[in-house]
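Peer 1: This is the structure I have questions about; it appears just below.
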Amino acid sequence: MLIQEDYFKNIFNTVREAILILDENLRVLSANRSFYTIFKVNSEETIGCLLYDLGNEQWNIPHLRVLLEDILPKNNTVDNFEIEHNFESIGKKTMLLNACKIREKKNALPIILLAIEDITEHKRLEGLLTESEKRYRRVFETASDGIVLIDKQEGTITHTNPATEKILGYSREESIGKMLQDIGVSLDISNFQAIMQALDKGGILNYADIPVKTKSGQHIYTDIYMVDRAILAQCNIRDVTERRQSVEALRASKQLIEGIINAIPVRVFWKDKNLVYLGCNAAFARDAGFADPKDIIGKDDYQMGWRDQAELYRSDDRQVIENGVTKYLIEEPQTTPEGNIITLLTSKLPLRNFEGEIIGILGTYMDITEHKRADDALRESEERFRQIAESTEEWIWEVNSDGLYTYASHVVEKILGYNPEEIVGKKHFYDFYPSDKREQMKKEAFEVFATKRAFAKYVNSNTHKNGVIIILETSGAPILDSRGALLGYRGVDVDITERKKAEEDLQAALVTAHDEKNKSEAIIASMGEGLSIQDTDFNIIYENKIQKDIIGDHVGERCYKAYENKDHVCEGCPVALAFRDGNIHKTERAVTTGKGTLHVEITASPLRDIKGNIVAGIEIVRDITERKQTEEEKLKLEAQLRHAQKMEAVGTLAGGIAHDFNNILNVIIGYGTMLLDRIGDDPLSKEQMKEVLTAAERAANLTRGLLAFSRKQAVEVKPLNVNELILGIQKMLVRMIRENIDFRLNLTDMPLIVLADAGQIEQILMNLAANAKDAMPEGGHLTITTGMQELDDEYVEAYGYGKPGMYALITVTDTGHGMDTETQNKIFEPFFTTKGIGEGTGLGLAVSYGIIKQHNGYIKVYSEPGHGAEFKIYLPLIEESAALAKEIETPDALKGGNETILVAEDDASLRNLARIVLESYGYSVITSEDGEDAITKFMENRDKIQLVILDMIMPKKNGKEACEAIRKESPGIKILFASGYSMDNIKTSELTEAGFDFILKPVVPKDFLKKVREVLDK
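Below you can see the structure in the form of structure tokens.
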């Protein structure tokens, strides 16, 4: 028995689980060594204690207590009861409990055996495994590669991911149980077990460019790799069709580039940093005397036929490599293998690797020896052509809608014998028509006028001052006002009398000519312009020298191929029309020549044989490029004028509306302020009245914006430094924009003193900053730069705006989404906006435009879609020594008085408001409704009136006129002007210099009373 007890104790104390022996009251009878070790307690703290009192009641777990208490009476057991508990001695742990009833000896009282296993680490590892399985499942399900799991013994598919179906077209249900070849994979798996053995040995197998046939029948290429997964093999399938196609395309592109390089007539070569040839094209190799471009690799210029120029070439190469700059189109000599000296046009640029490092040079050259000879000949030809062009003059004219001349250039005297003074305002265009044809020609001309369309090449007869008939070729375009009404026509006349005679003489000469020699002599003898002859198949059989100078030598070619590079007769071809109807036809074309694009006038006529049959066509070509450029410039200037007139008209309308609205707002703000003071302690009424006044103030700001656009807002200009103004609102601008916008100032050190209203200039900058913020929703850069700019006569002529002088230049630049040309043409129009509903009023830039114009300045915008915007503001500079305006002193507290005041205001509501406000503070008030009434009432009450308040704009006499009349009678009388805007000839600075005071409407009553008191107390 003793042996058995020892045996039990040894087992009891050697098991790793903690064990407690409890009596029927759950008192600890015994504990093993593991219990003391795990829970860090000793036997004195344990034996004899109730279980739920152990370790400061750390085992007081109600549910466990219930389970244990039921073991003895109910013969229950506790099986794998898992608890998570925060034990005082060892912290938070997860424990697995098992308990049952036992008897230590026969007939002894039953006791409870409680086994406690710490499974905290096991639970943690179990959680990690679960998370790992979830991650693998996510990767498996979301992978872009197809993943197929295969039974290594059977070779059958056990699972596929969604990407497999996307790539191959087979669903998971269609794939499971099948072999790889059943779902289109052409991998050679005839010896599947051999593949599996190789997989067991290496762990992974790779197969590249495996052809696969998808369920839809499409053939694709894949990369396949297998990974050993114990009892399974993981087969990853990646679609590389696009990659394979890209490789093929790259290979084809490389072959194409090599083909192009070897096919082009330009010589191409490349060298390393040591100036040793790495390669060239076939043309370069031939120049160097080699049959194959590969033969040049490894050689340098000293080993070439041009060794005499080797050092020259290598010097250029070193500059390109050392400085990293391109040498473009430089002329260099070269010695050919035959010993001849030719001229090359060479370009060289740095050759860089992917990291941007220079690893050599790439060069090209062309042999321009013959081209230079041709250039010399072309320059001589162009000089002769220039002399002819300078001697050619055209008569430029304008007529009104009745045909009366309003302008005639001096050339008219040369053409018709009249000087311009004899024609302008005195002659109609039809007065020069021959009398026998005048009425018919006049009728035809006015029929054209009625269409309001341009006309060209109208051939007509006119009578010279000496009675001789002159043949003119007339072209004109309508002059329309902003409503589209016809104001007249402007155009040009060309004297073609001699040309018509020459054409007639040429026709007669060619009809009687019997061979090419006689035809050429007749043409050369009678023509001074470009001429060509084409047969009835449109082959060019002759060109005179002027024709070759203009368009080039194309004898023997089809005209439509030579002149227009087409494979068929051109639409509207004048020669084709002449062949068709036998008449003379004219047209204008733009042709590309060695001189660039030229505008030419083409006259075509048929050439007949003795029997009258058409055997050829004659084209006479005249260069009219300069005339076309003049016409385009005139159209551009007309467009600028129409835009300026439109902006002026819109501004006048906006100003008129805003002025009337300003008077209404003045009444609302005035009475509203008075009511607010009288409401008392009713908080709701006060809050509602404040909302009314806030809305009125917003409306007042809006009208000030419209007045600024119309340049009728009264401004208080003072000398100010532009840089100091910008620095003063820098923080405000930073707060306006978002944190993802980098705001920068680049201010000049020079003082920029302008005469301006500081508040209005600040408003411009805030408008531009707000627009820039909206243009950069993802962030960007906003920069304000200042400087000094001179606008001279050349600048004004080049850009079409400005007045010569020195200006302060403020440039506001952003990196936003930019604007197209159509948007730029509209951004200064009131209420035009590109923003969504509720995101902008469309007044910001219109107001800015008006403010700048009111300050005699200019604003221009430069922008392209996707490249941000740049606004340039020009404000006239004044002398740096001009004294800056004094700061406005804070007036005293609001006070009234007992003086008599004359108030002249044409708006009855405002007049009544002013009277009520003044009388409520003790003043006596006399009112008048216009300028004349003000003068009359002042004369009647001059002895008792101490102050006259005059509205600037009134009927009968305005404020300035009334003031002059009153001051004439009483020079010392005090005057206070009030207005919402100033007339063009009145500025607040002028009023101040003349000793007058000024107040801007709308104005709240307390500010009005303070100003009145201030003027009376002077």
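If you count the sequence shown from 1, you need to add 27 to reach the numbering used here.
Ideal Cβ positions, reconstructed from N, Cα and C, are used throughout, including at glycine.
Remember, it's a predicted structure, so these values are computed and weren't measured experimentally.
1. Are the CB atoms of H894 and A783 within a distance shorter than 8 Å?
2. In whole angstroms, what separates the C-alpha of E471 from that of S488?
3. For the alpha helix (DSSP H) that T433 lies in, which residues bound it at each end?
4. To the nearest angstrom, how far is it from the Cα of G61 to the Cα of T73?
5. Using 8 Å as the threshold, is the region 39 to 53 in touch with the region 139 to 154, meaning 3 or more CB pairs across them?
6. Would you check if the distance between the CB atom of A835 and the CB atom of T850 is smaller than 8 Å?
7. For H246, which residues of its own chain have a beta-carbon under 7 Å away from its beta-carbon, when the five flanking residues on both sides are left out?
8. Please return the same chain residues whose Cβ sits closer than 6 Å to the Cβ of I110, not counting the five positions on each side in sequence.
9. Output the boundary residues of the alpha helix (DSSP H) element that contains E361.
10. Give the DSSP-derived three-state secondary structure of H894 in the structure shown.
11. Can you tell me which of the three DSSP states S374 falls into?
12. For a test of the three-state rule: what should DSSP assign to H149, helix, strand or coil?
13. Out of E440, R406, D80, state which residue places its alpha-carbon closest to the alpha-carbon of E421.
14. Terminal residues of the continuous alpha helix (DSSP H) containing I943?
15. Please list the terminal residues of the continuous beta strand (DSSP E) segment that includes M253.
16. On a CA-only basis, which of L1027, I194, A170 is nearest V267? Give me that one, please.
17. Within 10 angstroms of the Cβ of F381, are there 16 or more other Cβ atoms? Answer buried if so, exposed if not.
18. Is the CB-CB distance between C586 and I567 below 8 Å?
19. Which same chain residues, not among the five before or five after S1016, have their C-beta less than 7 Å away from its C-beta?
20. Could you tell me the boundaries of the alpha helix (DSSP H) in which H90 lies?
21. For S1006, report the span of its beta strand (DSSP E) as first-last.
22. Taking only heavy atoms of the ligand MN into account, decide whether any of them is closer than 7 Å to the Cβ of N493.
23. In whole angstroms, what separates the C-alpha of E397 from that of L372?
24. Look at V519 and I423 and say whether their C-beta atoms are less than 8 Å apart.
25. So, under 8 Å CB-CB, A225 and L232 are touching, yes? Tell me the CB distance rounded to an integer number of Å.
26. Looking at the structure shown, is A802 part of a helix, part of a strand, or coil, going by DSSP?
27. Helix, strand or coil: which one does DSSP assign to G286?
28. Determine the burial state of I753: buried for a count of at least 16 other Cβ atoms within 10 Å of its Cβ, exposed for fewer.
29. Going by beta carbon distance, what residues of the same chain come within less than 6 Å of I560, once the five residues before and after it are set aside?
30. Quick one: what's A260 bridged to in DSSP?
31. If you follow the alpha helix (DSSP H) that K120 is part of, which residue opens it and which one closes it?
32. Between the beta-carbon of L443 and the beta-carbon of K492, is there less than 8 Å?
33. Whether or not the region 757 to 767 and the region 791 to 811 are in contact is what I'm after, with contact meaning three or more pairs of Cβ atoms, one per stretch, closer than 8 Å; do they touch?
34. Taking Cβ positions, are H808 and D847 nearer each other than 8 Å?
35. Return helix, strand or coil for C307, following the three-state DSSP convention.
36. Going residue by residue through the region 577 to 659, where are the continuous alpha helix (DSSP H) segments of at least 4 residues, counting only ones entirely within it?
Peer 2: On the basis of the coordinates in this document:
1. Along the sequence shown, one-based indexing puts residue 783 at 756. Along the sequence shown, one-based indexing puts residue 894 at 867. In this structure, the beta-carbon distance from A783 to H894 does not fall below 8 Å.
2. Within the sequence shown, numbered from 1, the residue matching residue 471 stands at position 444. Within the sequence shown, numbered from 1, the residue matching residue 488 stands at position 461. Between E471 and S488, the C-alpha separation is close to 13 Å.
3. As a working note, residue 433 is residue 406 in the sequence shown. Note, T433: premise wrong, no alpha helix (DSSP H); beta strand (DSSP E) at 432 to 435.
4. As a working mapping, residue 61 is identified with position 34 in the sequence shown. As a working mapping, residue 73 is identified with position 46 in the sequence shown. The question names Gly, but residue 61 is Ser in the sequence shown. S61 and T73: Cα-Cα distance of roughly 13 Å.
5. As far as the Cβ criterion goes, the region 39 to 53 touches the region 139 to 154, which means the pair count is three or higher.
6. As a working note, residue 835 is residue 808 in the sequence shown. As a working note, residue 850 is residue 823 in the sequence shown. The answer is no: Cβ separation not under 8 Å.
7. For the purposes of this step, residue 246 is identified with residue 219 of the sequence shown, where counting begins at 1. Excluding sequence neighbours, H246 sits near P238, K240.
8. Mapped onto the sequence shown, residue 110 falls at position 83. Correct list, in chain order: M122.
9. As a first step, residue 361 is located in the sequence shown; it is residue number 334 there, counting from the start. Residue 361 is actually Gln in this sequence, not Glu. Segment 354 to 362 is the beta strand (DSSP E) holding Q361; no alpha helix (DSSP H) there.
10. Taking the first residue of the sequence shown as 1, we reach residue 894 at position 867. Correct three-state label for H894: coil.
11. Within the sequence shown, residue 374 is the residue found at index 347, counting from 1. It is a strand residue.
12. Along the sequence shown, read from residue 1 onward, the residue named residue 149 stands at position 122. Residue state, collapsed to three classes: helix.
13. Along the sequence shown, read from residue 1 onward, the residue named residue 421 stands at position 394. Of the candidates E440, R406, D80, the one whose C-alpha sits nearest the C-alpha of E421 is E440.
14. On the sequence shown, residue 943 is found 916 positions in, with the first residue counted as 1. Note, I943: alpha helix (DSSP H), 935 to 946.
15. Mapped onto the sequence shown, residue 253 falls at position 226. Segment 246 to 256, the beta strand (DSSP E) holding M253.
16. For the purposes of this step, residue 267 is taken as residue 240 along the sequence shown, with counting starting at 1. Nearest option by C-alpha distance: I194.
17. Indexing the sequence shown from 1 puts residue 381 at position 354. Label assigned to F381: exposed.
18. Indexing the sequence shown from 1 puts residue 586 at position 559. Indexing the sequence shown from 1 puts residue 567 at position 540. The answer is yes: Cβ separation under 8 Å.
19. As a working note, residue 1016 is residue 989 in the sequence shown. For S1016, the pLDDT reaches just 49, beneath the cut-off of 50, and the residue's location in the model is therefore unreliable, although a value from the coordinates is still provided. Here the set comprises V744.
20. Counting from one through the sequence shown, the residue named residue 90 turns up at place 63. Residues 89 to 96.
21. Position 979 of the sequence shown holds residue 1006. Per DSSP, the continuous beta strand (DSSP E) segment holding S1006 begins and ends at 1001 to 1006.
22. What this structure holds is no ligand at all, so the ligand MN is not there to describe.
23. As a working mapping, residue 397 is identified with position 370 in the sequence shown. As a working mapping, residue 372 is identified with position 345 in the sequence shown. L372 has its alpha-carbon roughly 12 Å from the corresponding atom of E397.
24. Position 492 of the sequence shown, counting from 1, holds the residue named residue 519. Position 396 of the sequence shown, counting from 1, holds the residue named residue 423. It is a contact, given that the beta carbons lie within the stated cut-off.
25. Counted from its first residue, the sequence shown places residue 225 at position 198. Counted from its first residue, the sequence shown places residue 232 at position 205. Right, the Cβ-Cβ distance comes to about 6 Å (below 8 Å), so this counts as a contact.
26. On the sequence shown, residue 802 is found 775 positions in, with the first residue counted as 1. Helix.
27. Residue numbering aside, residue 286 sits at position 259 when the sequence shown is read from its first letter. The answer is helix: DSSP assigns G286 an H, G or I state.
28. Residue mapping note: residue 753 aligns to position 726 of the sequence shown, counting from 1. Buried is the call here.
29. By one-based count along the sequence shown, residue 560 stands at place 533. For I560, same chain residues with a beta-carbon under 6 Å away, outside a window of 5 residues either side, are I568, Y569, A643, I645 in chain order.
30. Counted from its first residue, the sequence shown places residue 260 at position 233. By DSSP's assignment, A260 forms a beta bridge with I177, D255.
31. Within the sequence shown, residue 120 is the residue found at index 93, counting from 1. K120 -> not in any alpha helix (DSSP H); beta strand (DSSP E) instead, spanning 118 to 130.
32. Numbered from 1 along the sequence shown, position 416 holds the residue referred to as residue 443. Numbered from 1 along the sequence shown, position 465 holds the residue referred to as residue 492. Result yes, Cβ atoms of L443 and K492 sit closer than 8 Å.
33. yes
34. For the purposes of this step, residue 808 is taken as the residue at position 781 of the sequence shown. For the purposes of this step, residue 847 is taken as the residue at position 820 of the sequence shown. Taking 8 Å as the cut-off, the beta carbon of H808 is found no closer than this to the beta carbon of D847.
35. Position 280 of the sequence shown, counted from the start, is the residue given in the question as residue 307. Strand at C307.
36. 586 to 591, 601 to 608
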